[in-house]
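Asker:
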Amino acid sequence: MRGITKTFPGVTALADVTLSVRRGEIHAICGENGAGKSTLMKVLSGVHPHGSYDGEIRFDGEECEFGSVRDSERRGIVIIHQELALCGQLSIAENIFLGNERARRGFVDWNRTNHEAGELLRRVGLAENPVTPVRDLGVGKQQLVEIAKALSKQVRLLILDEPTAALNDDDSEHLLGLLRGLRDEGVTCVIISHKLGEVIAIADTVTILRDGRTIETLDAAGLTEERLITGMVGRDLEHRFPPRVPDVGAEVLRIEDWTVHSPTQPGRVVVDHANLTLRRGEVVGLAGLMGAGRTELAMSVFGRSYGTGISGRLIKDGVPIDVRSVRDAVRHGIAYATEDRKRYGLNLIEDVQRNISAAGLAKLARRGWVDEHAEHDTAARFRRDLRIKAPNVRSVTGKLSGGNQQKVVLAKWIFTDPDVLILDEPTRGIDVGAKFEIYTIINSLAAQGKAVLVISSELPELLGLCDRIYALSAGRVTGEVARTDATQELLMQYMTKERQ
Numbered sequence: 000m001r002g003i004t005k006t007f008p009g010v011t012a013l014a015d016v017t018l019s020v021r022r023g024e025i026h027a028i029c030g031e032n033g034a035g036k037s038t039l040m041k042v043l044s045g046v047h048p049h050g051s052y053d054g055e056i057r058f059d060g061e062e063c064e065f066g067s068v069r070d071s072e073r074r075g076i077v078i079i080h081q082e083l084a085l086c087g088q089l090s091i092a093e094n095i096f097l098g099n100e101r102a103r104r105g106f107v108d109w110n111r112t113n114h115e116a117g118e119l120l121r122r123v124g125l126a127e128n129p130v131t132p133v134r135d136l137g138v139g140k141q142q143l144v145e146i147a148k149a150l151s152k153q154v155r156l157l158i159l160d161e162p163t164a165a166l167n168d169d170d171s172e173h174l175l176g177l178l179r180g181l182r183d184e185g186v187t188c189v190i191i192s193h194k195l196g197e198v199i200a201i202a203d204t205v206t207i208l209r210d211g212r213t214i215e216t217l218d219a220a221g222l223t224e225e226r227l228i229t230g231m232v233g234r235d236l237e238h239r240f241p242p243r244v245p246d247v248g249a250e251v252l253r254i255e256d257w258t259v260h261s262p263t264q265p266g267r268v269v270v271d272h273a274n275l276t277l278r279r280g281e282v283v284g285l286a287g288l289m290g291a292g293r294t295e296l297a298m299s300v301f302g303r304s305y306g307t308g309i310s311g312r313l314i315k316d317g318v319p320i321d322v323r324s325v326r327d328a329v330r331h332g333i334a335y336a337t338e339d340r341k342r343y344g345l346n347l348i349e350d351v352q353r354n355i356s357a358a359g360l361a362k363l364a365r366r367g368w369v370d371e372h373a374e375h376d377t378a379a380r381f382r383r384d385l386r387i388k389a390p391n392v393r394s395v396t397g398k399l400s401g402g403n404q405q406k407v408v409l410a411k412w413i414f415t416d417p418d419v420l421i422l423d424e425p426t427r428g429i430d431v432g433a434k435f436e437i438y439t440i441i442n443s444l445a446a447q448g449k450a451v452l453v454i455s456s457e458l459p460e461l462l463g464l465c466d467r468i469y470a471l472s473a474g475r476v477t478g479e480v481a482r483t484d485a486t487q488e489l490l491m492q493y494m495t496k497e498r499q
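Printed below as a string of C-alpha cells:
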C-alpha cells in the first residue's frame, strides 16, 4: 500500500500511509486509538472502495482497485472485524458458508455444507457440531468460526482487528497458536492489537501508525513494550501509571455475606458469601480469572441487574440500604460502568451530549422537561475536563475511538455524583496513551473522596492503580492484598485457589 490518504468530513484519517507486508508473515499494526489502523485495513479489504481514497494497493505485484469486500475476497483478502459478523440464529455451518453456499441444482447441499464445515472446524481446532447455533458459543469459539469462514474463501491474506480483545487467556493462546499454524501453511496475517505483549510474542514485523501516518516498520525480534509505546505516543512513558498519594478516608460501602445465584442455571452459585469494604478516596481492585464472578458481583450490587436468589447486606456510610433496582443504586450513590461499553454502556447512534446526560436527566429537568441548554453545558464541561476528543458534543458517539467512548461512559456516571464508582474492565480495547488518561481520571475521582472499585483482567493494571486488591475464585473472595504486598504471583495464587 503506497501513499494511502483517506479523509472524512473535517478529518484526515490517513495521510500518505505506506505499508509493505511479506508473504507468509504475521504483521502487526500498532498505534493509539484514532491512529488510523482500522481505517487502513478497511481500505485494503474494500470496505472503503477504490475512489474513496488516494493511493494504490498492490497485491502479488498487481495493482488492485477493490470496489467492495467481495472484490477483495476474490483475491483471497479477508478481514475479521473486532465486532464479529455472525448470525446467532444460524448454525456454525450456515455462518461459515453464508453468501458462499454449497449448492446442488439450485438448492443448498446440506450434507456437503456440514461435511466441509466439519473439516474447517477441525482445521481451526474447534470441537463443535457444525449444526450448533452460533448463539450457543462463547466469544472465543465464535472467533474461530470467523477464521473457519475465512479459510472457506481460500484466504491468502487474513486481517484480524483486535482478535483477542474479548477473549480470556486460554482462548487467546489458542487463537495465537492457530495464527502461527496458518503462517506455517503460507497464509499471511495482519493483526491490529493493543495487547503489546501479544504483538511481541506473535508478530514477525510491526508497523506503527500515529495520527494517520506511518511512523516506522520494525523487526519484532528483540522488541520491547517500551520501544513500541515510544513509537505509538511519540514520547517515552516512563511511568505507565500517573503518580498518586492515597488519602483514604472512612468506610463508605460494606458488602456483607453477598450471595448470588445464576439466573440461567438453577442451583449454581456465582457469588458465594462475598465480603468487601470500600473507603472514601480509595481505589480497590477486583482480580479473578474468567468465570470467577467479578462482573456478576458488580452487577448484582448495582441494583440487582444480574442474578437471582440474592442475599446479603449492603451497608452505606454505616447504614443498611435496600437496593433492588438500578434507580435505587443511583439514588444511593452507586454507579457501574459496564465491561461492554458498546452493548450496554452507550447508545452508539446517539450523540455525546445525550449519552452523558442519560443517567442524570432528573438533574437537568425543570417541570418535567429537560433543559437542553443545561444539558449542552454539562456535556461541554465533561468534554473539556475529561479531554474527550470529539468535534463537538453533538458528534455521534459510535464514531469516536474506543478511549473516547470510554470517557463518555465515565462522564455519564460521574454526572450522577456517585460516592462509589464500579469500573468493569475500564481500559479494555484502548491504547496505552488513552489508558494513562483513564488512570488519571480514576485518580482524580479518588482525590475527590469517591471510592473506586476497578475490575480488570490485567494484573499489572491492578498493581499499578489500586490501594488494595481482592481476589475472587469460583465466586468466593479468596484473598485481600495491600498494594505494598501485592505481586502478580501472589494474586494468581489467590485467583486459582480451590474451594476448601
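With numbering that gives the first Met the number 0, letter number 284 in the sequence shown gets 283, and the count goes up by one each step, no holes.
The C-beta atom is built at its ideal place from N, Cα and C for all residues, glycine as well.
Bear in mind that the values here come from a model prediction, so they are computed numbers and not experimental data.
1. Could you tell me whether the segment 479–489 touches the segment 448–457, using the rule of 3 or more Cβ pairs below 8 Å?
2. Would you identify the three-state DSSP class for G397, choosing helix, strand or coil?
3. Curious, which full-length beta strand (DSSP E) runs of at least 3 residues does the segment 60–116 contain?
4. In the DSSP output, which residue or residues are listed as bridge partners for Y469?
5. Taking the alpha carbon of T426 as the reference point, which residue from T396, P459, P417 has its own alpha carbon closest?
6. How many angstroms separate the CA atom of E250 from the CA atom of T276?
7. By DSSP's criteria, K315 is part of a beta bridge. Which residues make up the other side?
8. Alpha carbon to alpha carbon, what distance is there between D160 and H80?
9. R326: buried (16+ other C-beta within 10 angstroms of its C-beta) or exposed?
10. What would DSSP say about F240, mapped onto helix, strand or coil?
11. Look at the alpha carbon of P48 and the alpha carbon of A12, and state the distance between them as a whole number of angstroms.
12. How many Å lie between V10 and T4 at the Cα?
13. Does DSSP put K434 in a helix, a strand or coil?
14. Just the C-alpha distance for E338 and L347, rounded to the nearest angstrom, thanks.
15. Are three or more beta carbon pairs between the segment 303–313 and the segment 461–478 nearer than 8 Å?
16. What are the start and end residues of the beta strand (DSSP E) that includes A336?
17. In angstroms with no decimal places, state the Cα-to-Cα distance between V46 and E184.
18. Could you tell me which uninterrupted beta strand (DSSP E) segments, each at least 3 residues in length, are contained entirely in the segment 338–373, listed from first to last along the chain?
19. Rounding to the nearest angstrom, what Cα-Cα distance links M494 and V247 in this structure?
20. Going straight from the alpha carbon of I25 to that of V395, what length do you get?
21. In chain order, which continuous runs of the beta strand (DSSP E) of length 3 or greater are located wholly inside the segment 9–37?
22. So what does DSSP say about Q499, is it helix, strand or coil?
23. Output the boundary residues of the beta strand (DSSP E) element that contains I509.
24. Suppose contacts are defined by Cβ-Cβ distances below 8 Å. Is R342 in contact with A450 by that definition?
25. Measuring alpha carbon to alpha carbon, tell me which of I91, V244, V154, K434 ends up nearest V77.
26. CB I207 to CB E197, shorter than 8 Å?
27. State the DSSP-derived secondary structure class of T276, mapped to helix, strand or coil.
28. In terms of DSSP beta bridges, what is F58 paired with?
29. Cβ of Q141 within 8 Å of Cβ of L174?
30. Within its chain, find whatever has a CB closer than 7 Å to the CB of L490; leave out the 5 residues flanking it on each side and keep chain order.
Answerer: For this structure:
1. Contact between the segment 479–489 and the segment 448–457 is absent, because fewer than three Cβ pairs lie under 8 Å.
2. Note: G397 maps to helix in three-state DSSP.
3. As far as the segment 60–116 is concerned, its whole beta strand (DSSP E) runs of at least 3 residues are 61–63, 76–79.
4. Listed as beta-bridge partners of Y469 by DSSP are L285, E479.
5. Nearest C-alpha to T426: P459.
6. Our two residues, E250 and T276, have alpha carbons roughly 7 Å apart in a direct line.
7. K315 is bridged to L252, V318.
8. Using only the alpha carbons, I get a separation of about 5 Å.
9. Exposed, since its Cβ has fewer than 16 Cβ neighbours within 10 Å.
10. Three-state DSSP puts F240 in coil, outside helix and strand.
11. Their Cα atoms are separated by approximately 15 Å.
12. For V10 and T4, the distance between alpha carbons rounds to 11 Å.
13. K434: helix per DSSP, three-state reduction.
14. Distance between the alpha carbons of E338 and L347: 15 Å.
15. Flag = no, the segment 303–313 and the segment 461–478 do not touch.
16. It spans 333–336 - the beta strand (DSSP E) in which A336 sits, taken as one unbroken run.
17. For V46 and E184, the distance between alpha carbons rounds to 27 Å.
18. As far as the segment 338–373 is concerned, it has no whole beta strand (DSSP E) run of at least 3 residues.
19. If I take the Cα positions, the gap works out to 26 Å.
20. So the alpha carbons of these two residues sit roughly 34 Å apart.
21. Listed in chain order, they are 10–16, 25–29.
22. Here the model assigns Q499 a pLDDT of 45, short of 50, so the residue's position is not dependable and the matter cannot be decided.
23. Nothing in the structure corresponds to residue 509, since the chain is present only between 0 and 499.
24. No.
25. With distances taken between CA atoms, V77 lies nearest to V154 out of I91, V244, V154, K434.
26. Taking 8 Å as the Cβ cut-off, I207 and E197 do not qualify as a contacting pair.
27. Strand.
28. F58 is bridged by DSSP to E61.
29. The criterion of a C-beta distance shorter than 8 Å is not satisfied by Q141 and L174.
30. Excluding positions up to five away in sequence, the list reads A286, L458, I468, A470, V480.
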